[in-house]
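The sequence shown begins at 2 in the working numbering and counts up by one.
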Amino acid sequence: MAGHSKWHNIKHKKAAQDQKRGKIFTKIMREIYVAAKQGGPNPDNNPRLRLAIEMAKEFNMPKDNVERAIKKAVGGTEAENVEEILFEGYGPGGVALYVSAITDNRNRTSSQIRAIFSKYGGTLAEAGAVSWMFEMRGVLTFQKAQLGEKKNQLADFAIEYGAEDINEDKDNVYVICEPKNFDELKNKLKDSGFVCESAEVTYIPKNTVKVSGKVAESALKLMEALDEHDDVNKVWSNFEIEDEELERFMATA
2 MAGHSKWHNI KHKKAAQDQK RGKIFTKIMR EIYVAAKQGG PNPDNNPRLR LAIEMAKEFN
62 MPKDNVERAI KKAVGGTEAE NVEEILFEGY GPGGVALYVS AITDNRNRTS SQIRAIFSKY
122 GGTLAEAGAV SWMFEMRGVL TFQKAQLGEK KNQLADFAIE YGAEDINEDK DNVYVICEPK
182 NFDELKNKLK DSGFVCESAE VTYIPKNTVK VSGKVAESAL KLMEALDEHD DVNKVWSNFE
242 IEDEELERFM ATA
């Protein structure tokens with residue numbers, strides 16, 4: 002869980018910067034497109050699309066943009082050749098990296114992703130090389146500052162409502178659940194007065210690899226470079242880095 006939570010903090014900061022450039026809108030629209038194409042246009046029956054639409058609302062994306070992306074997916078008009086590709090590889094220190102990209106040119110994106118891995122001391126691997134190191138889970142993030150004295154209550158309610166695990170770092174509490182329980186758990190906690198800062202169904206590592214010093218810096222730079230690529234949708238890793246090193250990186254990112 003450490004790798005997910007710490008990279009989530011970086012992603013939150015980077016997303017705010019991306020919004021100023023309009024980059025986050027492009028990535029969200031591609032996610033909406035692929036989600037609708039794979040699972041249908043009705044968010045009530047398509048959890049991935051529902052989460053993508055919630056993210057669009059979080060970043061104040063115009064409703065017309067959301068509807069246009071869904072219509073493209075189900076109407077077979079422009080951009081119908083857009084597809085999702087999953088890349089697997091290793092970074093500095095042997096950390097595992099699992100990358101989702103959404104592209105209209107598989108060869109171009111594959112070549113560029115390979116080049117990024119190589120530049121930052123990583124290597125692409127065959128399909129199945131690292132995917133087994135991750136498992137899909139629902140993750141609800143709550144800010145400790147907002148929870149206050151209700152933190153222990155959150156844990157009690159979460160376990161009662163079907164949470165699988167609860168983790169925390171300096172700033173946040175993370176409620177983990179199986180994907181099938183995600184919507185019910187989130188809604189029950191909301192009805193009980195616990196509104197999460199963010200909610201996603203994502204990959205989390207089964208085990209983590211601890212890195213430090215130059216290796217940690219290189220691993221973070223690789224993840225950041227991948228995440229900055231226009232076609233990359235999500236990046237998952239199993240690294241574990243001390244908070245102090247992460248904060249130094251975030252201060253200069």
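Idealized CB from N, CA, C, for every residue including glycine. Just so we're clear, the structure is a prediction, and the values are computed from it rather than from any experiment.
{"Item": "Cβ shell of residue 221 (< 6 Å), same chain only, five flanking positions each side left out", "Value": "250"}
{"Item": "CA nearest to the CA of residue 212, picked from 244, 152 and 178", "Value": "244"}
{"Item": "Per-residue DSSP class, three states only, for residue 42", "Value": "coil"}
{"Item": "Through-space distance from residue 233 to residue 110, alpha-carbon basis", "Value": "9 Å"}
{"Item": "N-terminal and C-terminal residue of the alpha helix (DSSP H) that residue 137 is part of", "Value": "No alpha helix (DSSP H) holds residue 137; the beta strand (DSSP E) holding it covers 135-144."}
{"Item": "Inter-residue Cα distance where the pair is residue 80 and residue 68", "Value": "At residue 80, the pLDDT of 48 sits below 50, so the modelled position is not reliable; the number obtained from the coordinates is stated separately. Taking the straight line from one Cα to the other gives about 15 Å."}
{"Item": "CA-to-CA distance, residue 238 to residue 247, given in whole angstroms", "Value": "14 Å"}
{"Item": "Residue 67 (DSSP reduced to helix, strand or coil)", "Value": "helix"}
{"Item": "Cut-off 7 Å between Cβ atoms - residues of its own chain near residue 56, not counting five sequence neighbours on either side", "Value": "29"}
{"Item": "8 Å CB neighbourhood of residue 252 in its chain, flanking five on each side removed", "Value": "none"}
{"Item": "Which residues DSSP lists as bridging residue 26, in chain order", "Value": "Bridge partners of residue 26: none, in fact."}
{"Item": "Secondary structure of residue 164, DSSP reduced to three states", "Value": "coil"}
{"Item": "Contained alpha helix (DSSP H) runs [length at least 4] in the segment 83-141, N- to C-terminal order", "Value": "107-120"}
{"Item": "Spatially closest choice to residue 185 from 173, 163 and 204, by CA coordinates", "Value": "163"}
{"Item": "Cβ-based neighbour list, residue 127, same chain, cut-off 8 Å, excluding 5 preceding and 5 following", "Value": "89"}
{"Item": "Enclosing beta strand (DSSP E) for residue 189 [first to last residue]", "Value": "Counting along the chain, residue 189 falls outside any beta strand (DSSP E), though it belongs to the alpha helix (DSSP H) covering 183-192."}
{"Item": "Per-residue burial, residue 32 [other beta carbons within 10 Å of its own, 16 or more giving buried]", "Value": "buried"}
{"Item": "Best match in 122, 207 and 36 for proximity to residue 50 [C-alpha to C-alpha]", "Value": "36"}
{"Item": "Same chain, Cβ closer than 7 Å to residue 130, neighbours up to 5 away in sequence not counted", "Value": "89"}
{"Item": "Residue from 230, 236 and 217 whose Cα sits closest to the Cα of residue 242", "Value": "217"}
{"Item": "Best match in 165, 203, 92 and 144 for proximity to residue 227 [C-alpha to C-alpha]", "Value": "92"}
{"Item": "Rounded separation between residue 118 and residue 223 - CA only", "Value": "7 Å"}
{"Item": "Coarse secondary structure for residue 147, derived from DSSP in three states", "Value": "helix"}
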